[in-house]
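**Student:** My structure is below; once you've seen it, I'll send some questions.
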Amino acid sequence: MSSAKETSSRRARGVFGSSRRDAHRGDRRFHWGLRLCALAVIAILGGIFFQLSKQASPVLSKMGLSFFISTEWDPVAESFGAGAFAYGTLVSSFLALLLSVPVSVGVALFLTELAPSRISLAIGFLVEMLAAVPSVVYGLWGIFVLAPWIRVSLGPLLRKFLGFLPLFQGPAYGVGMLAAGLILAIMITPTIASLCREVFRAVPVANREAALALGATRWESISWGVLGSSPSGILGAVVLGLGRALGETMAVTMVIGNRAEIAASLFAPAQTMASVIANEYAEASAEMHLSALAATGLALFLVSIVINTGARAVMRRVASGPKRGKLGTLSKTASIEVRP
Amino acid sequence: MSAPSVSALSRFRYQLAARDSRRKVKNVLFLSFLVFAAILAITPLIAVFIYALKQGFAGLSLDFFTQLPAPVGESGGGMANALVGTAVLLALGSGLGVPLGIAVGVFLSEFGTGRLASFTRFSVDVLTSVPSIIVGLFAYALIVVPMKHFSAMAGGVALSIVMIPIVARSTEEILKLVPVHVREAGLALGIPRWKMILRILLPGSAGGITTGVMLAVARAAGETAPLLFTAFSNQFWGRGIDQPIASLPVQIYTYAISPFEEWHQQAWTGAFVLIAFVLSLNLLTRLILRKRT
Chain A
1 MSSAKETSSR RARGVFGSSR RDAHRGDRRF HWGLRLCALA VIAILGGIFF QLSKQASPVL
61 SKMGLSFFIS TEWDPVAESF GAGAFAYGTL VSSFLALLLS VPVSVGVALF LTELAPSRIS
121 LAIGFLVEML AAVPSVVYGL WGIFVLAPWI RVSLGPLLRK FLGFLPLFQG PAYGVGMLAA
181 GLILAIMITP TIASLCREVF RAVPVANREA ALALGATRWE SISWGVLGSS PSGILGAVVL
241 GLGRALGETM AVTMVIGNRA EIAASLFAPA QTMASVIANE YAEASAEMHL SALAATGLAL
301 FLVSIVINTG ARAVMRRVAS GPKRGKLGTL SKTASIEVRP
Chain B
1 MSAPSVSALS RFRYQLAARD SRRKVKNVLF LSFLVFAAIL AITPLIAVFI YALKQGFAGL
61 SLDFFTQLPA PVGESGGGMA NALVGTAVLL ALGSGLGVPL GIAVGVFLSE FGTGRLASFT
121 RFSVDVLTSV PSIIVGLFAY ALIVVPMKHF SAMAGGVALS IVMIPIVARS TEEILKLVPV
181 HVREAGLALG IPRWKMILRI LLPGSAGGIT TGVMLAVARA AGETAPLLFT AFSNQFWGRG
241 IDQPIASLPV QIYTYAISPF EEWHQQAWTG AFVLIAFVLS LNLLTRLILR KRT
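Following this line, the structure appears as structure tokens:
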């Protein structure tokens with residue numbers, strides 16, 4: 001190596017901190033380091049799947065898929081079936097969607113179409129704060145405020161007017177399926193509302209103006225111009241809300257009553273897939289019991305992946321969100337938001 | 001062709017007017033539904049908030065922050081161990097989760113093309129939506145089973161898995177806001193890319209990345225489900241990170257489902273403290289971001 005070259009390389013090192021070859025080596029190392037971190041994240045996801053499958057295998061190899069249909073859950077007799085939990089998860093989530101979707105879409109429309117910007121900011125802020133409250137706090141509120149309210153007011157009222165339906169028969173203890181549905185509805189409303197807000201914001205102003213120019217009333221312009229052009233976006237938001245409801249654990253565990261039974265009445269206590277894990281996993285010691293809980297978790301994991309991936313694929317096509325704010329991209333709900 | 005009779009015309013006008021007034025009524029009805037929906041959506045928040053404030057504030061005292069829980073049946077006592085436990089768990093979770101999350105965010109934003117990147121992005125998205133109780137199951141299998149007992153470490157790992165996707169996503173979003181010419185200016189000086197990223201890009205976006213970290217901490221602070229069978233709980237001070245440790249959310253949960261009046265009061269005070277912490281972190285991030293924009 002000639003001395004001139006050496007000097008120039010040394011000089012380059014002096015100015016830029018490293019020679020060109022070092023720079024490439026540094027870049028390669030850096031890139032590899034980052035790749036390792038990315039692989040770690042993938043490994044976590046794979047690890048979750050692997051560990052759950054491994055733990056779930058005893059019960060699944062013994063019972064097969066009938067595990068998810070059988071409703072017999074008796075840890076003492078070592079007979080396990082997650083049917084009642086699947087039922088509880090489905091019914092409570094469906095109830096939550098039924099209650100939450102009209103309100104969420106309504107509040108999203110109110111925020112984007114109707115409210116003056118100051119009120120819109122204030123309510124949008126409150127709704128996002130609602131999303132930040134930890135679920136154990138909702139559960140606490142559910143136990144001491146919501147459940148007594150159902151027992152004293154809502155339950156008797158529903159029985160009086162809708163008591164002919166099997167849904168509203170039997171004693172209202174307060175805790176039960178209805179309480180779980182209500183608390184879930186409260187918890188998924190911010191998720192659905194803020195996603196819907198993004199969807200509505202992405203609708204071009206021209207749509208509304210065109211409707212108004214044709215003589216449409218305000219509502220007609222909203223319904224033709226905004227709702228009419230975003231059904232798949234709303235669907236995506238609703239399904240993401242469903243994903244959140246399915247996996248919600250603490251608040252549900254605290255108000256659903258935790259009984260592994262399928263009852264027609266919404267007043268009756270029930271149990272969901274997430275809540276049975278929260279209730280029994282720490283105390284389970286028999287291998288089959290742990291395995292059955294892990295199998296329940298595995299099902300929950302797979303269902304939530306399918307639902308979220310599907311909803312995101314729908315949303316990705318819809319949301320182009322030109323006016324998406326920076327605040328929006330960072331909020332908790334927005335972390336399930338979609339890249340254009 | 002004769003002109004329509006006067007009576008037919010007026011009937012038509014009448015129909016038009018009737019339809020218009022129906023449309024107007026419908027308009028008013030639907031618009032008021034939207035207002036009603038907005039009120040309905042924020043009512044629970046205000047209800048939860050006011051109730052936690054009212055109930056929690058009553059139990060707020062110095063003892064709550066400095067004393068260990070009192071035995072059943074005795075009044076007084078506090079949640080000092082749970083507060084410290086939550087701080088320890090958050091420190092462990094952040095120590096593991098924040099560097100990894102930021103690195104993944106940098107990877108996605110700066111080297112975000114290619115198969116590995118899109119698969120990573122998918123994994124981050126999926127991890128965001130994995131129910132947190134599943135994360136608890138994973139941390140249990142990963143750490144509690146080999147160690148054969150519950151430990152603060154397992155809780156920290158569980159919380160870090162909750163935090164990683166949040167930090168990664170927000171870091172990616174923040175770095176994407178940095179104009180390309182900033183990177184090009186650095187590279188044009190002959191600085192290697194890694195140095196450009198570490199010395200120019202990251203310091204320049206430190207504020208934004210910090211807000212993402214704060215939101216992740218706020219989220220992790222309230223997580224209960226992943227701690228139930230990892231960190232477990234402890235009525236006394238934690239004795240090292242290889243031992244079970246109390247945490248504020250788990251303590252609230254345990255007290256809430258207990259039959260004791262004094263514990264219910266403590267649960268509300270705990271909830272008040274937790275809400276205050278989580279919401280002020282959220283508020284702070286908003287303030288920081290507002291100042292920047």
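Line order of the protein sequences matches chains A and B. So for the first sequence, this note's numbering puts the first residue at 1; every next one is plus one. So for the second sequence, this note's numbering puts the first residue at 1; every next one is plus one. Backbone N, C-alpha and C fix where the C-beta goes; we use that ideal spot for every residue, glycine too. Please read all numbers here as calculations on a predicted model, not as lab measurements.
1. Among residues of its own chain, excluding the 5 on either side of residue 281(B), which ones have a beta-carbon nearer than 8 Å to its beta-carbon?
2. Would you say residue 244(B) reaches chain A, if we count a Cβ-Cβ gap shorter than 8 Å as a contact?
3. Buried or exposed for residue 261(B), please, with buried defined as at least 16 other CB atoms from any protein chain shown within 10 angstroms of its CB.
4. If the cut is a Cβ gap below 9 Å, which residues of chain B does residue 169(A) touch?
5. For residue 183(B), would you say it is in contact with chain A, using Cβ-to-Cβ distances shorter than 8 Å as the test?
6. For residue 256(B), which of helix, strand or coil comes out of DSSP?
7. With 9 Å as the limit, tell me which residues of the stretch 118-140 of chain B have their beta carbon closer than that to any beta carbon of chain A; keep them in chain order.
8. In its own chain, which residues sit with a C-beta less than 7 Å from the C-beta of residue 321(A), not counting the 5 before and 5 after it?
9. Which same chain residues, not among the five before or five after residue 257(B), have their C-beta less than 6 Å away from its C-beta?
10. Of all Cβ atoms in chain B, is any one closer than 8 Å to the Cβ of residue 129(A)?
11. Do the stretch 161-174 of chain B and the stretch 83-101 of chain B touch if we need at least three Cβ pairs shorter than 8 Å?
12. Starting from the C-beta of residue 93(B), find all residues in its chain whose C-beta is less than 7 Å away, skip the five residues before and the five after it, and write them out in chain order.
13. For residue 111(A) versus residue 120(A), is the C-beta distance shorter than 8 Å?
14. At which residue ranges does the stretch 184-271 of chain B contain complete alpha helix (DSSP H) runs of 4 or more residues, listed in the order of the chain?
15. Any beta carbon of chain B sitting closer than 8 Å to that of residue 229(A)?
16. Considering only residues of the same chain and omitting the five flanking positions on each side of residue 70(A), which have a CB-CB separation below 6 Å?
17. Strictly by DSSP, which residues pair up with residue 92(A)?
18. Whole angstroms is fine: what's the gap from residue 195(B)'s alpha carbon to residue 66(B)'s?
19. Please state whether DSSP places residue 21(B) in a helix, a strand or coil.
20. Could you name the residues that DSSP lists as bridge partners for residue 257(A)?
21. Give the C-beta separation of residue 143(B) and residue 207(B) to the nearest angstrom, bearing in mind that I take them to be a contact with Cβ-Cβ under 8 Å.
22. Less than 8 Å between the beta carbons of residue 270(B) and residue 284(B), yes or no?
23. Do you know how far the Cα of residue 16(B) is from the Cα of residue 251(A)?
24. Taking CB distances under 8 Å as the criterion, tell me whether residue 89(A) reaches chain B.
25. Would you call residue 113(B) buried or exposed, if buried means 16 or more other Cβ atoms sit within 10 Å of its Cβ?
26. Does the distance from the CB of residue 250(B) to the CB of residue 224(B) come in under 8 Å?
27. With burial defined as no fewer than 16 other Cβ atoms inside 10 Å of the residue's Cβ, what is the status of residue 14(A): buried or exposed?
28. Grab the span of the alpha helix (DSSP H) containing residue 82(B) for me, first residue to last.
29. Using CA atoms only, rank isn't needed, just tell me which of 43(B), 60(B), 139(B), 153(B) is closest to residue 240(B).
30. Does the stretch 72-86 of chain B come close enough to the stretch 157-173 of chain A to have 3 or more Cβ pairs within less than 8 Å?
31. At the level of alpha carbons, what is the spacing between residue 137(A) and residue 235(B)?
32. Is there a C-beta anywhere in chain A that falls below 8 Å from the one on residue 72(B)?
33. Can the beta-carbon of residue 245(A) be found closer than 8 Å to that of residue 228(B)?
34. So for residue 69(B), helix, strand or coil by DSSP?
35. Between the stretch 210-237 of chain B and chain A, which residues of the former have CB atoms less than 8 Å from a CB of the latter, in chain order?
36. If I follow the unbroken alpha helix (DSSP H) through residue 125(B), where does it start and stop?
**Tutor:** From the atom records:
1. Closer than 8 Å at the Cβ level, and outside the excluded window around residue 281(B), lie 214, 215, 217, 218, 221.
2. It does not; no Cβ of chain A falls within 8 Å.
3. Burial state of residue 261(B) is exposed, judged by a 10 Å Cβ sphere holding fewer than 16 other Cβ atoms.
4. In chain order: nothing, as chain B lies at least about 27 Å away.
5. So, not an interface residue.
6. Judged by DSSP in its simplified three-state form, residue 256(B) adopts helix.
7. Listed by position, the residues of the stretch 118-140 of chain B near chain A (Cβ gap below 9 Å) are 119, 120, 121, 122, 123, 124, 125, 126, 127, 128, 129, 130, 131, 132, 133, 134, 135, 136, 137, 138, 140.
8. Bear in mind that the predicted position of residue 321(A) carries a pLDDT of just 45, short of 50, making it unreliable; the figure below should be weighed with that in mind. Same-chain partners within the cutoff: 198, 201, 202, 340.
9. Excluding residues within five positions, none has a Cβ falling inside 6 Å.
10. Cβ-Cβ to chain B under 8 Å: yes for residue 129(A).
11. With a cut-off of 8 Å, the stretch 83-101 of chain B and the stretch 161-174 of chain B count as touching, because enough Cβ pairs lie within range.
12. Around residue 93(B), the same chain offers 156, 159, 160, 163, 220 as residues with beta carbons nearer than 7 Å, after the five sequence neighbours per side are excluded.
13. It is a contact, given that the beta carbons lie within the stated cut-off.
14. If only complete runs of 4 or more residues are kept, the stretch 184-271 of chain B shows the alpha helix (DSSP H) at 206-222, 248-256, in order along the chain.
15. By this cut-off, residue 229(A) is not an interface position.
16. Non-local beta-carbon contacts of residue 70(A) in its own chain, meaning distances under 6 Å to residues more than five positions away in sequence, involve 81, 83 in chain order.
17. Bridge partners of residue 92(A): none, in fact.
18. Their backbone Cα atoms lie some 46 Å apart in a straight line.
19. Three-state result, residue 21(B): helix.
20. Answer by DSSP bridge pairing, in chain order: 270(A).
21. About 34 Å separates the beta carbon of residue 143(B) from that of residue 207(B), a gap too long to meet the 8 Å contact definition.
22. Going by C-beta atoms, residue 270(B) is not nearer than 8 Å to residue 284(B).
23. Cα to Cα, the separation comes out at about 53 Å.
24. No, because no Cβ of chain B sits closer than 8 Å to the Cβ of residue 89(A).
25. Answer is exposed; the Cβ neighbour count stays below 16.
26. Result yes, Cβ atoms of residue 250(B) and residue 224(B) sit closer than 8 Å.
27. Its pLDDT being 47, under 50, residue 14(A) is placed unreliably by the model, and nothing is read from it.
28. 80-110 is the span of the alpha helix (DSSP H), which, as asked, contains residue 82(B).
29. Distances from the alpha-carbon of residue 240(B) to those of 43(B), 60(B), 139(B), 153(B) put 153(B) closest.
30. At 8 Å Cβ cutoff, the stretches do not touch.
31. If you take the alpha carbons of residue 137(A) and residue 235(B), they lie about 20 Å apart.
32. No, no contact with chain A.
33. Taking 8 Å as the Cβ cut-off, residue 245(A) and residue 228(B) do not qualify as a contacting pair.
34. Taken through DSSP and simplified to helix, strand or coil, residue 69(B) comes out as strand.
35. Hits within the stretch, in order: 211, 212, 215, 218, 219, 221, 222, 223, 224, 225, 228, 229, 232.
36. Start and end: 115-129.
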